[in-house]
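What follows is a single structure, written as structure tokens, with notes after it.
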Amino acid sequence: SQKGHKHLLDAAAMLPEAIFVVAGDGPERNDLEKRTRELGIEMRVRFLGNRQDVPKLLATCDLFVLPSLYEGLPISVLEAMAAGKPIVATDIGGTKEAIINQETGLLVPPGSAQELAGAIKRMLSDPKLASRLGAAGKERAKRMFSSDVMAREVGLVYEGLLQATTFGSHV
């Protein structure tokens, strides 16, 4: 339930022109599939289950949506950014560390299907905006979140801890 897919389905009901693909699996799947039937959107929502071909899936999508209610730093957002996909996500925790609203993606309040639908519609109806945000997100992912950058940053943390321990023992 933390992933907020219920809100994504409610947003999908407001966007009859869009098809939604949900990758992953979990204990909420049956309830979510039931919700799609209740909303009459089962023909426009595909539940794919766990997948090992995320880059291939991202390549086929017009945009990436993460409707989570709370998160750390979501790897899925970093993957979508690295793939150059425009992103609509909720303004929470680590997500807002990765995405700069209006610069590298669109952030909306968590739990608001209406605002989620509005941001998705805006992205789908403005290809120039989607392209600009996707390109900026890709650049940010490369600059801030690549494996080389992350390894270097973790190394600096360890170096700082070692220096603090070394200097602390001589004081």
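Counted the way my numbering counts, the sequence shown spans residues 1136 to 1306.
Built from N, CA and C at the ideal position, the CB exists for glycine as well.
Computed from a predicted structure; not experimentally measured.
- What distance in whole Å lies between the Cβ atoms of G1139 and S1203, which are believed to be in contact at a cut-off of 8 Å? Right, their Cβ atoms sit about 5 Å apart.
- Query: Are there 16 or more other CB atoms within 10 angstroms of the CB of P1209, so buried, or fewer, so exposed?
  - Reply: Under this definition P1209 is a buried residue.
- Message: Quick check on this structure: which residue in E1173, G1159, G1269 and L1150 has the alpha carbon closest to the alpha carbon of A1194?
- Response: Measuring from the Cα of A1194, the nearest candidate turns out to be G1269.
- Task: Please name the residue in A1153, Q1137 and A1215 whose C-alpha comes closest to that of R1257.
- Result: Ranking A1153, Q1137 and A1215 by Cα distance to R1257 puts A1153 first.
- Item | Minimum length 3: unbroken beta strand (DSSP E) runs contained in the segment 1186 to 1266 | Whole beta strand (DSSP E) segments, 3+ residues: 1199 to 1201, 1222 to 1225 and 1241 to 1243.
- Assigned secondary structure, A1153 (DSSP; H/G/I helix, E/B strand, else coil): Reduced to three states, the DSSP call for A1153 is coil.
- Task: For the alpha helix (DSSP H) containing R1164, list its first residue and its last residue.
- Result: DSSP places R1164 inside the alpha helix (DSSP H), whose first and last residues are R1164 to L1174.
- Quick one: what's got a C-beta closer than 8 Å to N1236's C-beta in the same chain, skipping five residues either side? These residues qualify, in order along the chain: D1226 and L1242.
- Taking the alpha carbon of A1271 as the point to measure from, which residue in A1146, G1290 and E1238 has its own alpha carbon closest? Here the closest residue by C-alpha is E1238.
- One or two residues paired with R1181 in a DSSP bridge: In the DSSP output, where bridge partners are listed per residue, R1181 has V1156.
- Query: Is there contact here, the segment 1182 to 1197 with the segment 1154 to 1170, by at least three beta-carbon pairs under 8 Å?
  - Reply: The segment 1182 to 1197 vs the segment 1154 to 1170: in contact.
- Look at the alpha carbon of G1295 and the alpha carbon of A1248, and state the distance between them as a whole number of angstroms. Answer to the nearest angstrom: the Cα atoms are 44 Å apart.
- Task: Would you mind reading off the limits of the alpha helix (DSSP H) that contains K1138?
- Result: For K1138, no alpha helix (DSSP H) segment is defined, and its DSSP state is neither H nor E.
- Query: Three-state secondary structure (DSSP) at E1294?
  - Reply: Three-state result, E1294: helix.
- Query: Which residue from G1175, A1217, K1231 and D1197 puts its Cα closest to that of A1113?
  - Reply: The requested residue 1113 does not occur in the structure, where the chain is confined to residues 1136 to 1306.
- Message: Tell me the rounded alpha-carbon separation between E1232 and H1142.
- Response: Those two C-alpha atoms are separated by around 22 Å.
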